[in-house]
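Protein chains in written order, with the working numbering: chain L, 0 to 109; chain B, 2 to 119.
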């Protein structure tokens, strides 16, 4: 059975801290892994990872995939209160359908 | 970039009534759209896959007669919650992918609909 597991479930940090969010997966016919950020409404796309060991970076956020160990991490450096959100990891299966992990709720305190 | 529009963003209805939620792809065509439900503080749960011109595919445990899905065109899918009950109150989100893109292009999400059934 395909599954995606995220950890930790929740995280509270202070501004300026660096956080690492984890996503492990078991999916047949793996093609890609996606990270989304969800604030009050729908998720917004962050990264799509398809190849092992190649870091994707956008500002203070970066992500990398390890296809051998079947996991990905999302790093946020110098966190800000605006980074507070639920971060979702998802893996497509059976065509376009996404299997989502349970999400990590990040709260960044001033 | 690709935009998915979902309407309404918020709806309050009385128990027993039906509610229709629309999901439109604004600048691309989508042969397939997806409907998710999200409970408070939980992740997205796939409800069904909406296929243009054919019947939707429902996930296990989702009542197809209660959550009617129609995908009449390449840019519009609708979800109708029939005979709504308070336990149907939730956040419903649709998503779509440009069917002309590569198989690895990301899904784009609508902004969601918060349904409250009183």
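Every residue gets a Cβ at the ideal spot worked out from N, C-alpha and C, and that includes glycine.
Run the CB neighbour count on residue 66 of chain B, radius 10 Å, all protein chains shown included, and call it buried at 16 or more, exposed below.
On the second chain, position 65 is the one that residue 66 of chain B refers to. So residue 66 of chain B counts as exposed.
Next on the checklist: Is it the case that the stretch 10-20 of chain B contacts the stretch 17-36 of chain L, given that we only count it when at least three CB pairs across the two stretches are under 8 Å?
Outcome noted: no
| Using a Cβ-Cβ distance under 9 Å, would residue 27 of chain L count as near chain B? | Your numbering for residue 27 of chain L matches position 28 in the first chain. It does not; no Cβ of chain B falls within 9 Å.
### Task
Compare the C-beta of residue 102 of chain L with all C-beta atoms of chain B and state if any pair is closer than 9 Å.
Position 103 of the first chain, counted from the start, is the residue given in the question as residue 102 of chain L. At least one chain B Cβ lies under 9 Å of residue 102 of chain L.
Curious, which full-length beta strand (DSSP E) runs of at least 3 residues does the stretch 49-107 of chain L contain?
55-57, 60-65, 70-75, 84-92 and 96-99
**Report entry** Counted within 10 angstroms of its Cβ, other Cβ atoms place residue 40 of chain B as buried (16 or more) or exposed
**Finding:** As a working mapping, residue 40 of chain B is identified with position 39 in the second chain. Counting Cβ neighbours within 10 Å, residue 40 of chain B comes out exposed, since fewer than 16 surround it.
- residue 56 of chain L versus residue 47 of chain L - alpha carbon distance: Stepping through the first chain from its first residue, residue 56 of chain L is reached at position 57. Stepping through the first chain from its first residue, residue 47 of chain L is reached at position 48. Whole-angstrom Cα-Cα distance: 11 Å.
Check your understanding: Under the three-state reduction of DSSP, which class applies to residue 60 of chain B: helix, strand or coil?
Key -> As a position in the second chain, residue 60 of chain B is number 59, starting the count at 1. Residue 60 of chain B: coil per DSSP, three-state reduction.
- Query: Secondary structure at residue 88 of chain B, three-state DSSP: helix, strand or coil?
  - Reply: Counted from its first residue, the second chain places residue 88 of chain B at position 87. Here residue 88 of chain B sits in helix by DSSP.
Run through the DSSP bridge pairs and tell me what residue 23 of chain B is partnered with. Locating residue 23 of chain B in the second chain gives position 22, where the first residue counts as 1. According to DSSP, which records beta bridges pairwise, residue 23 of chain B is partnered with B/8 and B/79.
For a test of the three-state rule: what should DSSP assign to residue 116 of chain L, helix, strand or coil? This structure leaves residue 116 of chain L out entirely; chain L is present only between 0 and 109.
| Smallest Cα separation from residue 55 of chain B: which of B/34, B/17 and B/19? | Residue numbering aside, residue 55 of chain B sits at position 54 when the second chain is read from its first letter. Taking only the C-alpha atoms, the option nearest residue 55 of chain B is B/34.
* Asked: Given a threshold of 16 other Cβ atoms within 10 Å of its Cβ, counted over all protein chains shown, does residue 5 of chain L qualify as buried or as exposed?
  -> Taking the first chain and counting its residues from 1, one reaches residue 5 of chain L at position 6. With 16 or more other Cβ atoms within 10 Å, it is buried.
For the stretch 30-42 of chain L, list every residue whose C-beta sits within 7 Å of some C-beta in chain B, in sequence order. 30, 31, 33, 40, 41 and 42
What residues in the stretch 48-82 of chain B bring their beta carbon closer than 7 Å to a beta carbon of chain L? 50
Note to self: In this structure, how does DSSP classify residue 39 of chain B when only helix, strand and coil are distinguished?
What the structure shows: Sequence index remark: in the second chain, residue 39 of chain B carries index 38 (1-based). Of the three classes helix, strand and coil, the one that applies to residue 39 of chain B here is strand, per DSSP.
| message | Quick check: is the beta carbon of residue 42 of chain B nearer than 9 Å to any beta carbon in chain L? | response | Working through the second chain from its first residue, we reach residue 42 of chain B at position 41. Yes, because at least one Cβ of chain L sits closer than 9 Å to the Cβ of residue 42 of chain B.
Would you kindly check if the distance between the Cβ of residue 100 of chain L and the Cβ of residue 24 of chain L is under 9 Å? Position 25 of the first chain holds residue 24 of chain L. Position 101 of the first chain holds residue 100 of chain L. Yes.
Check your understanding: Got a sec? Which residues, its chain only, sit under 6 Å from residue 92 of chain B by beta carbon, not counting five neighbours each side?
Key -> Within the second chain, the letter at position 91 stands for residue 92 of chain B. Taken in chain order, the residues that qualify are 39, 113 and 115.
Exercise. Quick one: list the residues of chain L neighbouring residue 94 of chain B, beta-carbon separation under 9 Å, in chain order.
Key: For the purposes of this step, residue 94 of chain B is identified with residue 93 of the second chain, where counting begins at 1. Those within 9 Å of residue 94 of chain B in chain L are 40, 41 and 42.
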